[in-house]
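Asker:
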Amino acid sequence: MLSKEMVNLGQVRSVIREMFEYGNKRAAEIGRENVFDFSLGNPSVPAPAIVDETIKKLIAEEDSVKLHGYTSAPGDMSIRNTVANWLNDTYGTTFSGNNIYFTTGAAAALTITFKAIAEKDDEIIVFAPFFPEYKVFIENSGANMKIVKCRESDLQIDFDALKAALNNNTKAVVINSPCNPSGVVFSEETIKELTNILKEAEAKFGHPIFLISDEPYRELVYDNIEVPFVPKYYDNTIVCYSFSKSLSLPGERIGYILISDKSFNPSLIFDAVAGAGRALGYVCASSLFQRVIPYCLGKTADIEVYKKNRDILCEALKENGFEIARPDGAFYLFVKALEKDANKFCENAKKFELLLVPSDSFGYEGYVRISYCVSTEQIINSLPAFKKLADGYKNGEF
Ligand code: PLP
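Residue numbers for the sequence shown follow the numbering used here, beginning at 23 and rising by one.
#1: Can you tell me which of 251, 415, 227, 67 puts its alpha carbon nearest to the alpha carbon of residue 421?
#2: Measuring only the C-alpha atoms, how far is residue 247 from residue 257?
#3: Is DSSP giving residue 393 helix, strand or coil here?
#4: Just to confirm, is the Cβ distance from residue 308 to residue 276 under 7 Å?
#5: Could you tell me the distance, in whole angstroms, from the CA atom of residue 349 to the CA atom of residue 87?
#6: Rounded to whole angstroms, what is the Cα-Cα separation between residue 226 and residue 220?
#7: Once you ignore the five residues that flank residue 270 on each side, which residues in its own chain have a CB closer than 7 Å to its CB?
#8: Nearest to residue 351 by alpha carbon, out of 329, 192, 82?
#9: Where does residue 143 land, buried or exposed, given buried means 16+ other C-beta within 10 angstroms?
#10: Going by C-alpha to C-alpha distance, which of 110, 233, 177, 92 sits closest to residue 206?
#11: According to the neighbour-count rule (16 or more other Cβ atoms, all chains shown, within 10 Å of its Cβ), is residue 33 buried or exposed?
#12: Where residue 186 and residue 99 are concerned, what is the direct C-alpha to C-alpha distance, given to the nearest angstrom?
#13: If you compare alpha carbons, which of 354, 192, 141, 244 is closest to residue 15?
#14: Put residue 179 into one of helix, strand or coil per three-state DSSP.
#15: Between which two residues does the beta strand (DSSP E) containing residue 262 stretch?
#16: Just to check, is the beta-carbon of residue 350 closer than 6 Å to a non-hydrogen atom of the ligand PLP?
#17: Between the beta-carbon of residue 138 and the beta-carbon of residue 261, is there less than 7 Å?
#18: Between residue 217 and residue 255, which are expected to be in contact by the criterion C-beta below 8 Å, what is the C-beta distance as a whole number of angstroms?
#19: Per DSSP, residue 232 is paired with what?
#20: Taking the beta strand (DSSP E) that residue 150 belongs to, which residues open and close that run?
#21: Is the separation between the beta-carbon of residue 61 and that of residue 77 shorter than 7 Å?
#22: Can you name, in chain order, every residue of its own chain whose Cβ lies under 7 Å from the Cβ of residue 316, other than the five neighbours on each side?
#23: So what's residue 325 in DSSP terms, helix, strand or just coil?
#24: Are there 16 or more other CB atoms within 10 angstroms of the CB of residue 364, so buried, or fewer, so exposed?
#25: If the criterion is Cβ atoms closer than 7 Å, does the pair residue 389 and residue 359 meet it?
#26: With DSSP as the reference, identify every bridge partner of residue 122, one or two as the case may be.
#27: Do residue 160 and residue 146 come within 7 Å of each other at the CB atom, strictly closer than that value?
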């Protein structure tokens, strides 16, 4: 009568959502200020002022029917050209509006991209730890997800494991740098090595292998760290970009797919993307927010707050003996649990009202994710609880 698969998907809440709901329950019982909820990746700083100013300006000045009407499915061509020109000025590339397809955020960009490329028996490689929705999106496209674990020493790519995973069925490899859940940024050296391996694999298997770069956190980097611009290193790149985090507007749903003009057949890939967008019923991305974007390119929300949170938390956690993967970007820390079983560790953390996400759903065991996109006050107030948790393990209480 119904799709069992979809019923199951709708009924099983993600671990992150479970923890968030638990946090709401505890907040009602003991007060929000006494619960240290680090579960969700919802930006905690407002959108830059230019966002609201532009919305007001557009509403005051533009024809309302046009402003709220459908745009063409890939988005308004003049705005796609503006985005392409901005990318060219920033990265020295040669894109045009024909390489850009506006989407309702990175989630839609990914589902459309997977649907556009997947054929029966195809494999799509993801690096663990990974954003848990990849599994849902890839399986929905009909492809199989293949997991390659990152090196435990620094959570960068394990190239030998990647080489072993590549085969004739490999259709794409997904990267996410800065990474959710680890905050790790792939260095230029890493991207060069990765793309060399993929070029060799393309030659060996005689077909293109896409590199899908999922980039909702591109601008969220600290200490002048550079995020390499992937299309410069690899021709068959598809970027799934989102403004959700950089402009702090995840509820507005705006992003784009960038198909490299150097890929083997950009216009055919664009057709497949347009077909997948159509088959999935996306129609077009928000007309209002497409029009906001040209005013906001290169702008970010106040990421200094995130940097401050990261620095305070990292220092305190390290002082208490926690091991943390180098967190150069996004707003997550991936911290080694103080016991093998991350779920048990999170249960113990709950005793101090610390809500952390166990790493199993990210495809990696023995860690927890801490989302530090919260108020700095919450970070500071939570430090004694982290100390008590660490002391509990030192004293053999758990
Ligand atoms: N990819 C990653 C790695 C994410 O962390 C998220 C959201 O948290 C998304 C994609 C989806 O982002 P969007 O809000 O743009 O759909």
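For each residue, glycine too, the CB sits at the ideal point set by N, CA and C.
Since this is a predicted model, take the numbers as computed values, not measurements.
Answerer: Answer, in terms of the structure:
#1: Only positions 23 to 420 of the chain appear in the structure, and residue 421 is not among them; the question remains open.
#2: On the sequence shown, residue 247 is found 225 positions in, with the first residue counted as 1. On the sequence shown, residue 257 is found 235 positions in, with the first residue counted as 1. Distance between the alpha carbons of residue 247 and residue 257: 24 Å.
#3: Position 371 of the sequence shown, counting from 1, holds the residue named residue 393. Residue 393: strand per DSSP, three-state reduction.
#4: Mapped onto the sequence shown, residue 308 falls at position 286. Mapped onto the sequence shown, residue 276 falls at position 254. In this structure, residue 276 lies closer than 7 Å to residue 308 by Cβ.
#5: Walking along the sequence shown from the start, residue 349 turns up at place 327. Walking along the sequence shown from the start, residue 87 turns up at place 65. If you take the alpha carbons of residue 349 and residue 87, they lie about 45 Å apart.
#6: Counted from its first residue, the sequence shown places residue 226 at position 204. Counted from its first residue, the sequence shown places residue 220 at position 198. Whole-angstrom Cα-Cα distance: 10 Å.
#7: Locating residue 270 in the sequence shown gives position 248, where the first residue counts as 1. Within the same chain, residue 270 has close Cβ partners 65, 67, 68, 69, 323.
#8: Position 329 of the sequence shown holds residue 351. Answer by Cα proximity: 329.
#9: Within the sequence shown, numbered from 1, the residue matching residue 143 stands at position 121. When all chains shown are included, residue 143 counts as exposed.
#10: Locating residue 206 in the sequence shown gives position 184, where the first residue counts as 1. Measuring from the Cα of residue 206, the nearest candidate turns out to be 177.
#11: The residue labelled residue 33 in the question sits at position 11 within the sequence shown. By the neighbour-count rule (16 or more Cβ atoms within 10 Å), residue 33 is not buried but exposed.
#12: Within the sequence shown, numbered from 1, the residue matching residue 186 stands at position 164. Within the sequence shown, numbered from 1, the residue matching residue 99 stands at position 77. Their Cα atoms are separated by approximately 42 Å.
#13: This structure cannot settle anything about residue 15, because the visible part of the chain is limited to 23 through 420.
#14: By 1-based counting over the sequence shown, the position of residue 179 is 157. It is coil, neither helix nor strand.
#15: Residue numbering aside, residue 262 sits at position 240 when the sequence shown is read from its first letter. Its beta strand (DSSP E) spans residues 259-264.
#16: Along the sequence shown, one-based indexing puts residue 350 at 328. Incorrect: residue 350 has no Cβ contact closer than 6 Å to the ligand PLP.
#17: What you label residue 138 is simply residue 116 of the sequence shown in a count that begins at 1. What you label residue 261 is simply residue 239 of the sequence shown in a count that begins at 1. Taking 7 Å as the Cβ cut-off, residue 138 and residue 261 do not qualify as a contacting pair.
#18: Position 195 of the sequence shown holds residue 217. Position 233 of the sequence shown holds residue 255. Going by Cβ atoms, the distance from residue 217 to residue 255 rounds to 5 Å, so yes, they are a contact pair.
#19: Along the sequence shown, one-based indexing puts residue 232 at 210. For residue 232, which the question treats as bridged, DSSP gives the partners 194.
#20: One-based indexing of the sequence shown puts residue 150 at position 128. First-last of the beta strand (DSSP E) with residue 150: 145-150.
#21: Taking the sequence shown and counting its residues from 1, one reaches residue 61 at position 39. Taking the sequence shown and counting its residues from 1, one reaches residue 77 at position 55. Against a cut-off of 7 Å, the Cβ pair of residue 77 and residue 61 comes out as no contact.
#22: Here residue 316 corresponds to residue number 294 of the sequence shown, with the count starting at 1. Correct list, in chain order: 101, 104.
#23: By 1-based counting over the sequence shown, the position of residue 325 is 303. Here residue 325 sits in coil by DSSP.
#24: Sequence index remark: in the sequence shown, residue 364 carries index 342 (1-based). That one is buried.
#25: Here residue 389 refers to the residue found at position 367 of the sequence shown. Here residue 359 refers to the residue found at position 337 of the sequence shown. Yes.
#26: Position 100 of the sequence shown, counting from 1, holds the residue named residue 122. Partner(s): 280.
#27: The sequence position of residue 146 within the sequence shown is 124, counting from 1. The sequence position of residue 160 within the sequence shown is 138, counting from 1. Closer than 7 Å, so yes.
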